[in-house]
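Visitor: For the sequence shown, our numbering assigns the number 422 to the initial residue and increments by one for each residue that follows.
There's a structure below that I have some questions on.
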Amino acid sequence: MKTYFDSSALVKLYVTEEFSPRARREAQAWPQLPFTWLHALELGNALQVLTGRKLLVAKEADQLREQIEDDRQAHRLAETPLDWPKIFHESVQLSRAHSARLLCRSLDILHVAAACELSCERFVSADERQLALASSSGLKTTDIRTAR
């Protein structure tokens with residue numbers, strides 16, 4: 422697994438949004454995508470928020486949860502354990518080095534640190550600041566908001 426999808430890109434694999442077609446094309450290039458506890462939290466929370474905003478009905482959210490679980494069982498989303506103390510330590514270092522300039526959010530920094538810890542080569546996102554941080558950290562980036 423050499424490509425890391427942050428939550429903004431991962432959500433678009435399941436919920437049809439503006440940049441979903443590009444996210445889905447990018448995902449098709451990889452037999453597995455790393456799936457961490459951070460992904461599980463953010464993906465599940467995104468479905469809750471979309472339901473709360475009335476952009477999904479409960480039945481749709483349940484169907485998407487089933488689809489995500491199917492992908493986990495099929496190892497398309499590969500359960501990926503992380504050394505969380507190490508991730509947090511690296512996140513603090515990334516924050517000190519880059520946040521004043523890039524204005525990154527904490528969860529975005531955690532995703533980049535996780536990608537680095539997993540020795541990923543590519544980082545896929547729809548978040549401009551997170552992509553800048555990933556690039557500054559030596560990762561190749563794919564911005565799903567732009568045409569291929």
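Cβ atoms here follow ideal geometry from the backbone N, Cα and C, with glycine treated the same way.
Would DSSP call Glu500 helix, strand or coil?
Guide: Counted from its first residue, the sequence shown places residue 500 at position 79. Of the three classes helix, strand and coil, the one that applies to Glu500 here is strand, per DSSP.
Visitor: Is it right to say Val513 is buried, meaning 16 or more other beta carbons lie within 10 angstroms of its own, or is it exposed?
Guide: On the sequence shown, residue 513 is found 92 positions in, with the first residue counted as 1. Exposed: under 16 other Cβ atoms inside 10 Å.
Visitor: DSSP on Phe544, reduced to helix/strand/coil?
Guide: As a position in the sequence shown, residue 544 is number 123, starting the count at 1. If DSSP states are grouped into helix, strand and coil, Phe544 belongs with the strands.
Visitor: By how many angstroms is the C-alpha of Ala555 removed from the C-alpha of Ile530?
Guide: In the sequence shown, residue 530 corresponds to position 109, counting from 1. In the sequence shown, residue 555 corresponds to position 134, counting from 1. Computed Cα separation, rounded: 9 Å.
Visitor: Have a look at Thr457 and Arg474 and give me their C-alpha separation to the nearest angstrom.
Guide: Within the sequence shown, residue 457 is the residue found at index 36, counting from 1. Within the sequence shown, residue 474 is the residue found at index 53, counting from 1. Looking at the two C-alpha atoms, the distance is approximately 26 Å.
Visitor: With a cut-off of 8 Å on the beta carbons, I'd call Thr501 and Leu539 a contact; round off their distance for me.
Guide: Against the sequence shown, residue 501 aligns to sequence position 80. Against the sequence shown, residue 539 aligns to sequence position 118. That pair is a contact at about 7 Å.
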